[in-house]
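Peer 1: Got a structure for you, written out below as structure tokens; questions coming shortly.
Residue numbers (my numbering): 1 to 218.
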């Protein structure tokens with residue numbers, strides 16, 4: 001479904017095809033909030049480690065231990081050493097153990113080998129780098145949902161689950177007017193559970209990212 005199709009579907013559920021109680025701006029805001037909320041929930045709870053990931057290149061700077069994680073990161077996946085014959089993934093260590101590791105030769109094929117996370121915005125290399133290497137690392141992560149604004153924009157989640165956004169946006173719209181969402185809540189909960197199962201194909205659930213979500217409020 002496109003952004004326009006979702007807006008039309010939400011208004012159909014609300015019984016308001018033309019703006020009256022809910023302005024077009026309000027409906028669009030509810031849709032984007034719902035899309036972001038559902039994307040975050042599916043990425044957190046669906047059991048897939050490598051689905052929907054993006055990669056961001058990072059250069060190593062001599063003497064610099066910590067680096068910024070991508071600003072659009074929702075969930076962290078891994079850090080990979082790239083631009084070498086045999087790419088590999090760095091091992092994660094606890095932040096409190098970052099000072100326990102001795103220097104690794106910058107000329108070695110396993111340089112660097114370890115990283116730690118400093119929530120919510122940084123990762124560090126252990127030990128501190130002693131050489132600079134351009135585009136040496138790639139941070140793999142799930143990005144936050146992109147806000148829809150154009151008529152043809154579509155949500156990130158698979159199309160078969162777009163109806164979830166319609167239900168959730170309509171629930172929020174009714175709550176904003178202190179109206180009872182009625183059966184929309186049960187339909188949304190059932191659809192969300194089905195989406196989590198259908199998107200759980202491979203891998204493991206990620207547990208770190210810029211996730212400030214709270215319990216669902218219906």
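C-beta atoms are modelled at their ideal positions from N, C-alpha and C, and glycine is treated no differently.
Evaluate residue 14 with the Cβ neighbour count: other Cβ atoms within 10 Å of its Cβ, from every protein chain shown; 16 or more gives buried, anything less gives exposed.
Peer 2: buried
Peer 1: Starting from residue 80 and walking both ways along the beta strand (DSSP E), at which residues does that stretch end?
Peer 2: 73-81
Peer 1: Reducing DSSP to helix, strand and coil, say where residue 84 ends up.
Peer 2: Residue state, collapsed to three classes: coil.
Peer 1: Which of helix, strand or coil does DSSP assign to residue 219?
Peer 2: The structure shown does not extend to residue 219, since the chain spans only 1 to 218, so no value can be given for it.
Peer 1: Could you check the C-alpha separation between residue 127 and residue 198 for me, to the nearest Å?
Peer 2: When rounded, the distance between both Cα atoms is 41 Å.
Peer 1: In this structure, what does DSSP give as the bridge partners for residue 118?
Peer 2: 122
Peer 1: Return the CA-CA distance between residue 162 and residue 133, expressed in angstroms with no decimal places.
Peer 2: In a straight line, the C-alpha of residue 162 is about 43 Å away from that of residue 133.
Peer 1: In whole angstroms, give me the CA-to-CA distance for residue 35 and residue 136.
Peer 2: 34 Å
Peer 1: If you follow the alpha helix (DSSP H) that residue 22 is in, where does it begin and where does it stop?
Peer 2: Unbroken run through residue 22: none, as it is neither H nor E.
Peer 1: Can you give me the C-alpha to C-alpha distance between residue 29 and residue 10, rounded to a whole angstrom?
Peer 2: 12 Å
Peer 1: Considering just the uninterrupted stretch of the beta strand (DSSP E) at residue 138, what are its terminal residues?
Peer 2: For residue 138, the enclosing beta strand (DSSP E) covers residues 133-143.
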